[in-house]
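J.: Chains as they are written, first to last, in the working numbering: chain A, 49 to 416; chain B, 846 to 1105.
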Amino acid sequence: MSISPERETRELRLQQIRREAELRATSISKLPSDSHMDARPSNGHGALQDFEPAASASPQTGYYGMPLLKTPAWTWEVPIYFFVGGAAGASAMLASVGKLTGADQRMIRDARWVAAIGAALSPPLLIADLGFPKRFLNMLRVFKVQSPMSVGSWTLVSFSSAAAASAVLSELERRRVLPRIPVLTDVAEIGAALTGLVLATYTGVLVGATAIPVWNAKVSLIPIHFATSGLSTAVSVLELRGHASSALNKIGIGATVVETAIGASLEFGKEPATEPLHHGPTGWTMRVAGLLSGPVPLALRLLSLTSPPRSPRSVKLRKAAAISSIAGSLITRWAWVYAGRASSKDPKVPLQLPGPARPDAEQIPQDK
Amino acid sequence: MSVTAFLTDSTLCIGCKACEVACKEWNQVPADGFDFRALSYDNTGSLGHSTWRHVKFVENGAVPGFGGNASEVFSWGFSSDVCKHCANAGCLEACPTGAIVRTEFGGVYIQPDVCNGCGYCVVCCPFGVVERRPEDGRAFKCTFCYDRQKEGLEPACATACPTESIKFGEIEHLRDTARERVRDLEEKGFDDVNLYDPTDTSVGGIHAFFIVRGDPKTYNLPPKPEVPTTYLKKGWMSAGIAAAAMVAGAFLAFTGSSDR
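(1) Only counting the same chain, and skipping five residues up and downstream in sequence, which positions put a Cβ closer than 6 Å to that of A321(A)?
(2) Excluding the five sequence neighbours on either side, which residues of its own chain have a C-beta within less than 6 Å of the C-beta of S139(A), listed in chain order?
(3) Using 8 Å as the threshold, is the C-beta distance between R1028(B) and I1056(B) below it?
(4) Could you check if A1093(B) is buried or exposed, using at least 16 other CB atoms within 10 Å of its CB as the buried criterion?
(5) Leaving out the 5 sequence neighbours to the left and right, which residues in its chain are closer than 7 Å to Y250(A) when beta-carbon positions are compared?
(6) Where does D82(A) sit, in a helix, a strand or coil, going by DSSP?
(7) Using 10 angstroms around the beta-carbon of T1044(B), count the other beta-carbons present and answer buried if the total reaches 16, otherwise exposed.
(8) Helix or strand or just coil, what does DSSP make of S1103(B)?
(9) If you run the structure through DSSP and keep just helix, strand and coil, what is F1035(B)?
(10) What is the DSSP secondary structure of E319(A), reduced to helix, strand or coil?
(11) Measuring alpha carbon to alpha carbon, tell me which residue in G110(A), Y111(A), P172(A) is nearest V132(A).
(12) Whose C-alpha, out of I1016(B), D1021(B), I1086(B), L1097(B), is nearest the C-alpha of S847(B)?
(13) Under three-state DSSP, which class holds T896(B)?
(14) What is the DSSP secondary structure of K1012(B), counted as helix, strand or coil?
(15) When Cβ atoms are compared, which residues of the region 1053 to 1065 of chain B fall closer than 9 Å to chain A?
(16) Leaving out five residues before and five after S372(A) in sequence, what residues of the same chain have Cβ atoms less than 8 Å from its Cβ?
(17) For the alpha helix (DSSP H) that contains G376(A), what are its first and last residues?
(18) Thinking H930(B) and V953(B) are a contact (beta carbons under 8 Å), I'd like their distance in whole angstroms, please.
(19) Among G311(A), G300(A), K118(A), whose alpha-carbon lies nearest the alpha-carbon of G973(B)?
(20) Looking at the structure shown, is H93(A) part of a helix, part of a strand, or coil, going by DSSP?
(21) How long is the line joining the alpha carbons of F851(B) and G331(A), rounded to whole angstroms?
(22) Quick one, which of T149(A), V231(A), G290(A), P230(A) has its alpha-carbon nearest S362(A)'s?
(23) Considering only residues of the same chain and omitting the five flanking positions on each side of T243(A), which have a CB-CB separation below 7 Å?
(24) Can you pull the chain A neighbours of I859(B), defined as C-beta to C-beta under 7 Å?
(25) By the three-class DSSP mapping on this structure, what secondary structure does A409(A) have?
(26) So what's Y177(A) in DSSP terms, helix, strand or just coil?
(27) What residue does the alpha helix (DSSP H) around R921(B) start on, and which one ends it?
(28) So, are the CB atoms of Y1064(B) and V903(B) less than 8 Å apart?
(29) For S106(A), which beta-bridge partners are listed by DSSP?
(30) Below 8 Å CB to CB, which residues in the same chain sit around Y111(A) once its five sequence neighbours on both sides are set aside?
(31) At a Cβ threshold of 8 Å, is P1073(B) touching chain A?
(32) Which bits of chain B does Y111(A) rub up against, with CB to CB less than 7 Å?
(33) If we ignore side chains and look at the alpha-carbon of each, how far apart do P402(A) and A292(A) end up?
(34) Using 8 Å as the limit for Cβ to Cβ distance, is Y954(B) near chain A?
(35) Please check if any C-beta of chain A sits within less than 8 Å of the C-beta of P971(B).
(36) If we count Cβ pairs, one from each stretch, closer than 8 Å, do we get three or more for the region 961 to 971 of chain B versus the region 1095 to 1102 of chain B?
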C-alpha cells in the first residue's frame, strides 16, 4: 500500500529515532564502569509518590513496590450516587410492597417521592463524574449484559422514568387532576420497584466485578451490604418524615441486624486482599460506617420497643436511629470506594507477594 | 486479517527508550513529565494515559560478562512494557459505550470519538494499563498502532527498536519464536529465562508477551491476571438474593404488623 509524503516523513522519523538510540547505546557502553552511579538512594521523592516504594525490584517486592493496578478515577460523586440511588431504589420497592399490603397511604406517597427525588439526583451525579460529560448519552449506544456499568446505566434510565412517572401520576390522581389510569400508574409503580431493586444492588456488582483486590474479594458481600444500606436509609428517611408505623421499625431492625452481621464479618474475616478494611484510615472509616449503620441504630430501635409505639420517646429514639443509619450508609459507600483506592495502590495481592502489604525497605532481602 | 502480537524480549533490551519516544511521536501522546523517582533510572514509572510503552529498569546481581557488564557492577534488566491486548480483555468487556473494540488484528482499541470517560475500564484492567487522562477526561492506552497496522506497517515501537527486542508479527508464529528463543537462551546457559504469557488464566492469553530473566513478578507482571467478568456470576447472584430478601422482609414486616 502506498503512503502519503507526510506519512513518509513520519516514517523516516521513526528510523531516525532508531539510529539515534543505536548511536547513543554504543557511546555509553564505552564509558568506564566507575561512572555508574548508585541508583539506590535511601529516600524517595515523597511528593511524586503515593505508595510505599521498595528499595529494589524483586520477586518479593514487585517493581520497586510500585502499584500494579490503576487507582479508580471515580470522584466524590460516585459514593454519593451509590447512597442516593440505593435509598431511592429501596424506597420505590417499599412504596410498591406497602401498596400491595395496604400500608398507610401517606407513607406510600412519601416513599414514591423519595424514590423520585433520588431518581432525579442520580443522573446528574453520574454525569458529573464522567471525564467527558457531554457524551453521557453514549451510555445508551449499546447494552452489554457483561458490563455492570452498562446494565446500571440502562437501569438508572428506566428507574428514573418509572419513579418520576409513578410519583407524578399518583399525585395528579390524588388531586383529581387526572382520572385514575390503572395501567399507567401500576406499570410505573411496579417498574420503579423492579428497577429500583436492581439499582439498589447493581452498584455492589459494579465495584465487585473489577480488578481491585479488596472489591473483587468481597464481590458476594458488597451487593448485600449496599442493598441493606439502601433499605436502612429509605426506612430512615421515611421515619424522619414523621412516619412511625411499627412495620417500618421492623424493617429497620431487620436491616440493622444484617448490617451488624456484615460489619462483624468484615472486622473479623481477614485475608490479604481485605487489608485496607483493617488498617489505616480506610479501616477506621469502614469501622465507623459499620458502627453507625449496625449496632448503634439497632440498639436505639430495640430500645424504642420498650415504649408504647408512636409515643414521643419511641419516636425520638427511632429518629436518632434513622440519623445514625443515614450517616452510616453514606460513610459505608465512601468507605468502600476509599478502600478500593488504597487497595489499588498495593501490588501485594495481584503479585501474590509474601510479607507485609506495604513492603518496607528493612524487610527486603539484598540482591543475590 | 491475521491476529498480530508483540514479543518483547527483555534479554535484548538495552533500555534506550526509543520505543517510548517513537510511540509518543507517532501517536502524538502528550508529555508525561520528567519525574525522577529516585528508585532507578526509570523516569516514566508505569504505563498510563500518556505512556503507552514503558521501559522498566531492574537491577540484578553482578553477572560478569552478561550484557557487557564488568564483574563488580550489578547488571541491568530492561523490559519494555505495553498493553497486553488480552484475549479476554477486562477493559473491553467493561466498556459501557462500546468505545473499546477488538480490531481485525486482534488488538484492543479505544475509539477516542466514542469514549465518554466513565472510568470503568480503568478499574477492570488486571494489568493496570488503561488510565483516564485528567486534562482530557477520556481513557487512553496503547492502540497497537491500529492506524499503522491498517496500512500494513509495524507498530512504531517495533519499528524504532534498535535491537529488535520488540518483535511484531502473527501471534502463533511469534509464540513459536518466543519458545525457540527461550530454548536457545537455556542452551546458552541462562537458567532463569521465562516466557510471560498467562494462557491458563481467565484472560485467555495475551497479545503482547514477554521474555524476562528471573521472576516476572519483578517486572510487576501478575502471575494470575483475571478478567473481572469472572466475578459477575457471584456478584449478580448476591444481588438477586439481596433483592429477594429485601422484598420478603418488607412484605413480612407490612403484613405482620397491625400498624402499617
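Every residue gets a Cβ at the ideal spot worked out from N, C-alpha and C, and that includes glycine.
T.: The structure says:
(1) Same-chain partners within the cutoff: P261, V262, A265, V397.
(2) Excluding positions up to five away in sequence, the list reads A159, V162, A163, A282.
(3) With a cutoff of 8 Å on beta-carbon distance, R1028(B) and I1056(B) are scored as not near each other.
(4) Sixteen is the threshold: since fewer than 16 other Cβ atoms of the shown chains lie within 10 Å of the Cβ of A1093(B), the residue is exposed.
(5) Excluding residues within five positions, the ones whose Cβ falls inside 7 Å are P196, V199, G200, T203.
(6) In this predicted model, D82(A) has a pLDDT of only 44, less than 50, meaning its place in the structure is not dependable enough to derive any value.
(7) Exposed, by the Cβ-count rule.
(8) DSSP places S1103(B) in the coil class of the three-state scheme, outside both helix and strand.
(9) Three-state result, F1035(B): coil.
(10) When DSSP states are grouped into helix, strand and coil, E319(A) belongs to the coil group.
(11) Looking only at G110(A), Y111(A), P172(A), the smallest Cα-Cα distance to V132(A) is reached by P172(A).
(12) Ranking I1016(B), D1021(B), I1086(B), L1097(B) by Cα distance to S847(B) puts I1016(B) first.
(13) In the three-state scheme derived from DSSP, where H, G and I count as helix and E and B as strand, T896(B) is classed as strand.
(14) Here K1012(B) sits in strand by DSSP.
(15) Within the region 1053 to 1065 of chain B, the qualifying residues are G1059, D1060, P1061, K1062, T1063, Y1064, N1065.
(16) L340, S341, V344, P345, L348.
(17) 360 to 392 is the extent of the alpha helix (DSSP H) around G376(A).
(18) About 5 Å separates the two Cβ atoms, so the contact holds.
(19) G973(B) has its Cα closest to that of K118(A), out of G311(A), G300(A), K118(A).
(20) For H93(A), the pLDDT reaches just 31, beneath the cut-off of 50, and the residue's location in the model is therefore unreliable, leaving the point undetermined.
(21) Cα to Cα, F851(B) sits roughly 41 Å from G331(A).
(22) Taking only the C-alpha atoms, the option nearest S362(A) is G290(A).
(23) Answer for T243(A): T203, S206, F207, A210, listed in chain order.
(24) Ordered by position in chain A, the residues that pass the 7 Å Cβ test against I859(B) are A73.
(25) For A409(A), the predicted model reports a pLDDT of 37, less than 50, meaning its position is unreliable; a value from the coordinates is still stated below. The answer is helix: DSSP assigns A409(A) an H, G or I state.
(26) Contrary to the premise, residue 177(A) reads as Asp rather than Tyr in this sequence. DSSP places D177(A) in the helix class (H, G or I) of the three-state scheme.
(27) The amino acid occupying residue 921(B) in the given sequence is Trp; Arg does not appear at that position. Not the alpha helix (DSSP H): W921(B) falls in the beta strand (DSSP E), residues 920 to 927.
(28) Taking 8 Å as the Cβ cut-off, Y1064(B) and V903(B) qualify as a contacting pair.
(29) DSSP lists G110(A) as partners of S106(A).
(30) For Y111(A), where only same-chain residues beyond five positions count, the Cβ hits under 8 Å are A105, P395.
(31) Cβ-Cβ to chain A under 8 Å: yes for P1073(B).
(32) From the beta-carbon of Y111(A), the residues of chain B found nearer than 7 Å are K901, T1063, Y1064, N1065.
(33) Near 53 Å, if we compare the C-alpha coordinates of A292(A) and P402(A).
(34) Judged by the 8 Å Cβ criterion, Y954(B) is not in contact with chain A.
(35) It does; some Cβ of chain A falls within 8 Å.
(36) Two segments are said to touch when three or more pairs of C-beta atoms, one from each, lie closer than 8 Å; by this definition the region 961 to 971 of chain B does not touch the region 1095 to 1102 of chain B.
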